[in-house]
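The numbering used here puts the first residue of the sequence shown at 5, with every later residue one more than the last.
To start, the structure itself, in structure tokens.
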Amino acid sequence: MANTPSAPPSPSPVFPRWPLIRRPWAAYAAALALTALAFGLRWETDAFFANSNRLVCFTIAATVSAFLFGCGPGIASTFIGIAAAVYFFVPPRNSFHIANVHLGVGVAAAAVQSLIICLCAGFLHRALRLRATAEQETRALYEAESRAHEAAAEMNRTKDYFLAILSHELRGPLSAIQYCVADRLSDPAVPLDLRESFALIERSVRMQSRLISDLLDLTRLTRGKLEIDLRPLNLHLLLVEAVRTCRPPSEANQAPIPSLHLHASHTWVQGDHDRLLQVFWNILRNAGKFTARDGSIDVETYEPTPGRIAVRIRDTGIGLTPEAMERIFQPFEQAAQSDMDKKQGGLGLGLAIARGIMELHDGTLTGESEGPGRGTAFIVELPTVNPATPPASSRHSDVSRPASSGATRVTAEVT
Numbered sequence: 005m006a007n008t009p010s011a012p013p014s015p016s017p018v019f020p021r022w023p024l025i026r027r028p029w030a031a032y033a034a035a036l037a038l039t040a041l042a043f044g045l046r047w048e049t050d051a052f053f054a055n056s057n058r059l060v061c062f063t064i065a066a067t068v069s070a071f072l073f074g075c076g077p078g079i080a081s082t083f084i085g086i087a088a089a090v091y092f093f094v095p096p097r098n099s100f101h102i103a104n105v106h107l108g109v110g111v112a113a114a115a116v117q118s119l120i121i122c123l124c125a126g127f128l129h130r131a132l133r134l135r136a137t138a139e140q141e142t143r144a145l146y147e148a149e150s151r152a153h154e155a156a157a158e159m160n161r162t163k164d165y166f167l168a169i170l171s172h173e174l175r176g177p178l179s180a181i182q183y184c185v186a187d188r189l190s191d192p193a194v195p196l197d198l199r200e201s202f203a204l205i206e207r208s209v210r211m212q213s214r215l216i217s218d219l220l221d222l223t224r225l226t227r228g229k230l231e232i233d234l235r236p237l238n239l240h241l242l243l244v245e246a247v248r249t250c251r252p253p254s255e256a257n258q259a260p261i262p263s264l265h266l267h268a269s270h271t272w273v274q275g276d277h278d279r280l281l282q283v284f285w286n287i288l289r290n291a292g293k294f295t296a297r298d299g300s301i302d303v304e305t306y307e308p309t310p311g312r313i314a315v316r317i318r319d320t321g322i323g324l325t326p327e328a329m330e331r332i333f334q335p336f337e338q339a340a341q342s343d344m345d346k347k348q349g350g351l352g353l354g355l356a357i358a359r360g361i362m363e364l365h366d367g368t369l370t371g372e373s374e375g376p377g378r379g380t381a382f383i384v385e386l387p388t389v390n391p392a393t394p395p396a397s398s399r400h401s402d403v404s405r406p407a408s409s410g411a412t413r414v415t416a417e418v419t
């Protein structure tokens with residue numbers, strides 16, 4: 005089950021928005037107004053400038069027009085300004101005639117310079133328009149992404165709620181069936197053939213109850229509701245209890261008995277007894293499912309680094325491919341290699357839930373295999389503590405925990 009996706013970051017605000025004037029005729033009118041303003045300014049300061057800087061006011065007006073309104077209005081402003089400057093301010097005045105060649109070359113050079121500046125300002129205006137268009141498209145995509153994110157989050161909440169309600173509703177009838185079957189099995193008057201049928205029903209009910217527990221743990225983990233009670237405990241004693249109480253499933257009653265090789269010297273950890281037992285039961289039960297009777301299951305403890313203890317559970321069973329090892333820690337994934345193997349599995353939640361439980365203990369759960377037919381090993385690693393360490397406060401799962409666990413975690417099953 006995937007975690008709720010995080011909301012995309014909000015795009016930065018766009019200011020100013022380009023183009024400032026969207027109607028072409030309005031843009032040309034604004035450019036003409038700026039040119040007229042430049043003409044008025046040059047006319048009023050004619051006594052100061054005399055015959056120098058004839059085009060400077062018109063160049064500024066054309067540049068501003070190109071930058072604000074586009075290349076077209078800027079070029080129009082440039083040519084109108086040049087014509088006005090030549091007619092009114094280039095000797096002889098009030099005529100388009102230029103007094104001499106030297107003066108004509110100067111006016112032409114100033115006109116070319118003004119045109120180049122105007123074109124550069126126009127290209128800058130175009131770049132800003134393209135940026136504004138791209139940012140508007142980005143904003144539209146962001147809003148669509150936000151709506152999709154909200155819809156996905158709502159669907160995820162609905163799914164979790166449905167699984168939780170379904171699991172609780174199924175548990176009631178199964179508990180009643182289990183109680184009635186246990187009552188019948190305790191009655192010595194029940195015939196042998198009926199007793200075998202009742203035993204089959206009891207095993208099936210137990211399996212269904214375990215699957216429902218997996219679903220409940222899955223929803224608790226993904227919603228941040230799974231709680232563990234951390235207390236100092238001896239991991240070696242816990243492993244002995246797990247091996248002693250874990251029974252292979254009825255379909256695999258020829259599984260080998262696990263062998264214990266307890267070598268670690270610092271064995272105390274801060275953990276939840278029942279949840280850690282659940283993790284080891286899952287791994288041992290799966291090892292028993294896929295290991296032949298003449299194979300072996302070894303449980304070994306060692307200290308990989310100071311302050312850490314590791315438990316390696318290695319079997320000589322069917323083994324896993326690298327691709328299968330990548331996905332078995334994801335919810336609803338199984339690494340079954342054949343139809344017979346698939347019949348052994350459940351919902352594919354065991355390892356995902358087990359890894360989530362280990363994360364709540366500040367530990368890790370990893371797997372390794374040399375390939376199909378060469379067995380599988382799972383390594384549980386936990387920090388060690390002093391036996392006198394006081395119990396820690398309860399801890400809840402959190403949907404924002406490391407993504408390495410996929411999004412689920414709970415009891416039995418490997419492959």
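The beta-carbon is built from N, C-alpha and C at its ideal position, and this holds for glycine as well.
So, under 8 Å CB-CB, residue i and residue j are touching, yes? Tell me the CB distance rounded to an integer number of Å.
{"i": "Ile317", "j": "Ala381", "result": "7 Å"}
{"i": "Leu123", "j": "Cys75", "result": "7 Å"}
{"i": "Leu220", "j": "Ala168", "result": "7 Å"}
{"i": "Glu200", "j": "Gln182", "result": "So it is not a contact: roughly 17 Å between Cβ atoms."}
{"i": "His240", "j": "Leu266", "result": "5 Å"}
{"i": "Leu41", "j": "Ala89", "result": "The pair is not a contact, with the Cβ atoms about 14 Å apart (cut-off 8 Å)."}
{"i": "Leu107", "j": "Leu72", "result": "Going by Cβ atoms, the distance from Leu107 to Leu72 rounds to 32 Å, so no, they are not a contact pair."}
{"i": "Asp164", "j": "Arg227", "result": "5 Å"}
{"i": "Ala259", "j": "Gly292", "result": "4 Å"}
{"i": "Val303", "j": "Pro262", "result": "5 Å"}
For residue i, which of the options has the nearest alpha-carbon?
{"i": "Val244", "options": "Gly78, Leu230 and Thr305", "result": "Thr305"}
{"i": "Phe284", "options": "Ser213, Gly311, Met362 and Thr67", "result": "Met362"}
{"i": "Pro376", "options": "Met329, Gly323, Pro391 and Val68", "result": "Gly323"}
{"i": "Thr388", "options": "Leu241, His265, Leu237 and Ala328", "result": "Leu237"}
{"i": "Val273", "options": "Phe93, Asn286, Gly311 and Ala125", "result": "Gly311"}
{"i": "Gly354", "options": "Ser269, Arg214 and Gly367", "result": "Arg214"}
{"i": "Glu298", "options": "Met159, Leu288, Thr320 and Gly228", "result": "Looking at the sequence itself, residue 298 is Asp, so the reference to Glu does not match. It is Thr320 whose Cα lies nearest to the Cα of Asp298."}
{"i": "Ile64", "options": "Ala193, Phe43 and Phe53", "result": "Phe43"}
{"i": "Glu372", "options": "Arg133, His172, Val194 and Glu327", "result": "Glu327"}
Can you find the residues in the same chain that come closer than 6 Å, C-beta to C-beta, to residue i, ignoring five residues on each side of it along the sequence?
{"i": "Ala314", "result": "Tyr306, Pro308, Ile383 and Glu385"}
{"i": "Ile232", "result": "Asp276, Arg279, Leu364 and Arg399"}
{"i": "Ser99", "result": "none"}
{"i": "Ser269", "result": "none"}
{"i": "Glu370", "result": "As written in the sequence, residue 370 is Thr, which differs from the Glu given in the question. Here the set comprises Ile383."}
{"i": "Thr137", "result": "none"}
{"i": "Phe93", "result": "Arg58"}
{"i": "Thr39", "result": "Ala65, Ser81, Ile84 and Gly85"}
Answer with buried or exposed for residue i, where buried requires no fewer than 16 other C-beta atoms within 10 angstroms of its C-beta.
{"i": "Arg359", "result": "buried"}
{"i": "His129", "result": "buried"}
{"i": "Thr49", "result": "exposed"}
{"i": "Leu234", "result": "buried"}
{"i": "Phe336", "result": "exposed"}
{"i": "Asn290", "result": "buried"}
{"i": "Ile357", "result": "buried"}
{"i": "Ser69", "result": "buried"}
{"i": "Val185", "result": "buried"}
{"i": "Arg161", "result": "exposed"}
{"i": "Gly176", "result": "exposed"}
{"i": "Arg46", "result": "buried"}
{"i": "Ala155", "result": "exposed"}
With a threshold of 7 Å on Cβ separation, who are the neighbours of residue i within its own chain once the five nearest residues in sequence on each side are excluded?
{"i": "Leu174", "result": "Ile216"}
{"i": "Ala66", "result": "Gly78, Ser81, Thr82, Gly85, Ser118 and Cys122"}
{"i": "Ala421", "result": "In the structure displayed, the chain extends from 5 to 419; residue 421 sits before or after that span and is not available."}
Spatial neighbours of residue i within its chain, please: C-beta separation below 8 Å, excluding the five flanking residues on both sides.
{"i": "Phe127", "result": "Cys75"}
{"i": "Tyr32", "result": "Phe73, Gly76, Pro77 and Ala80"}
{"i": "Ala114", "result": "Arg58, Leu59 and Thr63"}
Length at least 3, wholly inside the segment 271-318: the beta strand (DSSP E) runs in chain order: For the segment 271-318, whole beta strand (DSSP E) runs of length 3 or above, ordered along the chain, are 272-275 and 301-306.
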